[in-house]
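Peer 1:
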Amino acid sequence: MTGLYLHIPFCARKCPYCDFYSVRFDRRLVSDYTDALVRNIRHLADTKTDIDTIYFGGGTPSLLCSSQVESILSAAAASFSLHDPEITLEANPCTVDVQKLREYRSAGVNRLSFGVQSANDDELSRLGRLHNFERAEKAVFDAAAAGFDNISCDIMLGTAGQTLQSLGSSADALCALPIKHISAYMLKIEKGTPYDCDEMRKASADDELMSEMYLQTVGRLASAGFVQYEISNFAKPGFESRHNLKYWTGESYIGLGASAHSFFGGKRYACPNDVNAFVSSDVQRYITTDESPDALEEYLMLGLRLTKGVSLERLQKLGADIGALSQKVALFSQHRLMQSGGGRFSLTPKGFLLSNSIISELLGVI
Ligand code: SF4
Numbered sequence: 040m041t042g043l044y045l046h047i048p049f050c051a052r053k054c055p056y057c058d059f060y061s062v063r064f065d066r067r068l069v070s071d072y073t074d075a076l077v078r079n080i081r082h083l084a085d086t087k088t089d090i091d092t093i094y095f096g097g098g099t100p101s102l103l104c105s106s107q108v109e110s111i112l113s114a115a116a117a118s119f120s121l122h123d124p125e126i127t128l129e130a131n132p133c134t135v136d137v138q139k140l141r142e143y144r145s146a147g148v149n150r151l152s153f154g155v156q157s158a159n160d161d162e163l164s165r166l167g168r169l170h171n172f173e174r175a176e177k178a179v180f181d182a183a184a185a186g187f188d189n190i191s192c193d194i195m196l197g198t199a200g201q202t203l204q205s206l207g208s209s210a211d212a213l214c215a216l217p218i219k220h221i222s223a224y225m226l227k228i229e230k231g232t233p234y235d236c237d238e239m240r241k242a243s244a245d246d247e248l249m250s251e252m253y254l255q256t257v258g259r260l261a262s263a264g265f266v267q268y269e270i271s272n273f274a275k276p277g278f279e280s281r282h283n284l285k286y287w288t289g290e291s292y293i294g295l296g297a298s299a300h301s302f303f304g305g306k307r308y309a310c311p312n313d314v315n316a317f318v319s320s321d322v323q324r325y326i327t328t329d330e331s332p333d334a335l336e337e338y339l340m341l342g343l344r345l346t347k348g349v350s351l352e353r354l355q356k357l358g359a360d361i362g363a364l365s366q367k368v369a370l371f372s373q374h375r376l377m378q379s380g381g382g383r384f385s386l387t388p389k390g391f392l393l394s395n396s397i398i399s400e401l402l403g404v405i
């Protein structure tokens with residue numbers, strides 16, 4: 040089955056740490072953009088693609104009004120074969136109220152992902168977020184009242200001024216909400232953002248503190264029943280993000296919208312970061328970013344993001360040198376960075392912290 044990703048590149052205000060492609064919200068442009076998404080979906084109708092997940096990502100998809108979401112989802116229902124789809128919409132707590140959330144639910148959205156980031160208002164203000172925690176809590180309770188039983192919240196680790204204690208309190212506060220999923224991201228200072236300065240670098244967690252924060256969060260969320268299934272993702276059993284799992288398990292997805300990426304027919308594509316070009320084209324233009332991705336490398340790199348890791352049998356089928364790989368895995372296991380069993384191997388939480396260098400060592404011997 041294929042996933043459908045819809046990029047909504049509009050934000051009310053740019054957060055100083057963010058380097059995702061987005062432009063300032065403009066009512067007229069959002070309306071034209073919605074029409075362009077609908078046009079592109081209809082253009083794919085002949086493919087009769089089997090779709091089981093739809094994901095509105097951003098940017099800030101919750102800046103769309105419910106009628107815009109409804110017209111996009113109606114076009115998808117008319118153009119694809121939908122199979123009990125998980126339909127997620129990323130939401131900013133300041134952009135929703137219970138009425139709007141009810142309308143999203145009626146339009147077919149069945150999963151919400153809120154960018155909460157912290158339960159500490161000073162940290163939120165340093166992140167340049169528009170909401171305080173009270174507002175975020177209200178948005179989550181409003182979503183539950185509107186009929187959403189599959190709600191996710193993001194928490195950010197290592198932000199300016201954050202301590203182990205304040206992070207622990209934020210994690211506890213999120214766990215107390217009626218949610219089923221938490222994404223815990225480590226702040227990365229991206230080049231060229233306002234956060235890319237000495238002051239912010241000093242105020243944010245260094246590598247050692249970040250490691251402690253990560254391991255503390257993994258433990259805290261586990262105690263509250265949120266099972267880790269990917270480096271940054273934790274869920275109550277049965278509430279893993281079906282759409283995001285496609286990225287790590289090599290399933291296909293079609294991305295529509297400015298800066299959206301796709302993996303389809305064994306190739307990777309990207310749509311340029313240009314809202315105006317997307318709106319003015321009849322059909323979105325793609326750049327092929329990878330003509331023939333290496334199946335073995337991709338399986339190893341993406342599979343090791345998951346706590347269930349990778350299967351030796353599958354690696355062997357893809358042509359890996361299992362002997363050399365097993366030696367490396369044994370070495371990393373001695374340092375408690377990896378674990379193996381049942382014909383699979385995976386990274387431990389400590390190993391996730393070093394995943395880039397471990398994976399590049401493994402890639403060196405396959
Ligand atoms: S709301 Fe999200 S996408 Fe928009 S600027 Fe902030 S972090 Fe980036």
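For the sequence shown, position 284 matches number 323 in the numbering used here, and the numbering has no gaps at all.
Just so it is clear, CB atoms sit at the ideal spot from N, CA and C, and this is done for glycine as well.
(1) How should H374 be labelled, buried or exposed, when 16 other C-beta atoms within 10 angstroms of its C-beta is the threshold for buried?
(2) Along the chain, which unbroken stretches of the alpha helix (DSSP H) at least 4 residues long are found entirely within the stretch 167-204?
(3) Buried or exposed: where does H122 fall if 16 or more other Cβ atoms within 10 Å of its Cβ makes it buried?
(4) Entirely within the stretch 223-273 and at least 3 residues each: give me those beta strand (DSSP E) ranges in chain order.
(5) Using 7 Å as the threshold, is the C-beta distance between P124 and T73 below it?
(6) Sort F153, L76, I47 and A75 by Cα distance to R63 and report the nearest one.
(7) Taking 7 Å as the threshold (C-beta atoms), are S105 and E142 in contact?
(8) Go through the stretch 327-353 residue by residue and report every complete run of the beta strand (DSSP E) that reaches 3 residues or more, in order.
(9) Hey, is G96's beta-carbon within less than 7 Å of any beta-carbon in chain D?
(10) So G96 is in the beta strand (DSSP E); what residue range does that whole segment cover?
(11) Can the beta-carbon of S165 be found closer than 7 Å to that of A199?
(12) The alpha helix (DSSP H) with T73 in it runs from where to where?
(13) According to DSSP, is G362 part of a helix, a strand, or is it coil?
(14) Closer than 6 Å to a non-hydrogen atom of ligand 1 - does that hold for the CB of T198?
(15) I'd like to know whether the C-beta atoms of H220 and A184 end up nearer to each other than 7 Å.
(16) In whole angstroms, give me the CA-to-CA distance for S280 and L392.
(17) Distance, Cα to Cα, A210 vs A158?
(18) Alpha carbon to alpha carbon, how far is V77 from L83?
(19) For A261, which of I228, S222, Y292 and E238 has the nearest alpha-carbon?
(20) State the DSSP-derived secondary structure class of H46, mapped to helix, strand or coil.
(21) Using the Cβ count rule (16 or more neighbours within 10 Å means buried), how would you classify L370?
(22) Below 8 Å, can you find three or more Cβ-Cβ pairs linking the stretch 224-242 to the stretch 345-363?
(23) Quick one: does the C-beta of C57 sit closer than 6 Å to a heavy atom of ligand 1?
(24) Just to check, is the beta-carbon of E336 closer than 6 Å to a non-hydrogen atom of ligand 3?
Peer 2: Let me lay it out:
(1) As a first step, residue 374 is located in the sequence shown; it is residue number 335 there, counting from the start. Exposed: under 16 other Cβ atoms inside 10 Å.
(2) 172-184
(3) Position 83 of the sequence shown, counting from 1, holds the residue named residue 122. With fewer than 16 Cβ atoms within 10 Å of its Cβ, H122 is classed as exposed.
(4) 266-269
(5) Residue numbering aside, residue 124 sits at position 85 when the sequence shown is read from its first letter. Residue numbering aside, residue 73 sits at position 34 when the sequence shown is read from its first letter. No, these two residues do not count as a Cβ contact at 7 Å.
(6) Sequence index remark: in the sequence shown, residue 63 carries index 24 (1-based). Just measuring C-alpha positions, the residue of F153, L76, I47 and A75 sitting nearest R63 is I47.
(7) The sequence position of residue 142 within the sequence shown is 103, counting from 1. The sequence position of residue 105 within the sequence shown is 66, counting from 1. For E142 and S105, yes; Cβs fall inside 7 Å.
(8) none
(9) In the structure shown, chain D cannot be found, because there is only a single protein chain.
(10) Mapped onto the sequence shown, residue 96 falls at position 57. Residues D89 to G97.
(11) Within the sequence shown, residue 165 is the residue found at index 126, counting from 1. Within the sequence shown, residue 199 is the residue found at index 160, counting from 1. Inspection of the sequence shows that residue 165 is occupied by Arg rather than by Ser. Yes. Within cutoff.
(12) Residue 73 sits at position 34 when you count from the first residue of the sequence shown. Where T73 is concerned, the enclosing alpha helix (DSSP H) stretches over R66 to H82.
(13) As a first step, residue 362 must be located in the sequence shown, where it is residue number 323. Three-state DSSP puts G362 in a helix.
(14) Within the sequence shown, numbered from 1, the residue matching residue 198 stands at position 159. It does not: the Cβ of T198 is nowhere closer than 6 Å to a heavy atom of ligand 1.
(15) For the purposes of this step, residue 220 is taken as residue 181 along the sequence shown, with counting starting at 1. For the purposes of this step, residue 184 is taken as residue 145 along the sequence shown, with counting starting at 1. No.
(16) Here residue 280 is taken as the residue at index 241 of the sequence shown, counted from 1. Here residue 392 is taken as the residue at index 353 of the sequence shown, counted from 1. Approximately 22 Å, taken between the alpha carbons.
(17) Counting from one through the sequence shown, the residue named residue 210 turns up at place 171. Counting from one through the sequence shown, the residue named residue 158 turns up at place 119. Going from the Cα of A210 to the Cα of A158 covers about 8 Å.
(18) Here residue 77 is taken as the residue at index 38 of the sequence shown, counted from 1. Here residue 83 is taken as the residue at index 44 of the sequence shown, counted from 1. Here the C-alpha atom of V77 lies approximately 10 Å from the C-alpha atom of L83.
(19) Sequence index remark: in the sequence shown, residue 261 carries index 222 (1-based). The alpha carbon of A261 has as its nearest neighbour, out of I228, S222, Y292 and E238, the alpha carbon of S222.
(20) Walking along the sequence shown from the start, residue 46 turns up at place 7. Here H46 sits in strand by DSSP.
(21) Residue numbering aside, residue 370 sits at position 331 when the sequence shown is read from its first letter. Answer is exposed; the Cβ neighbour count stays below 16.
(22) Counting Cβ pairs under 8 Å, fewer than three are found: no touch.
(23) Against the sequence shown, residue 57 aligns to sequence position 18. C57 Cβ: within cutoff of ligand 1.
(24) In the structure shown, ligand 3 is absent; the only ligands present are ligand 1.
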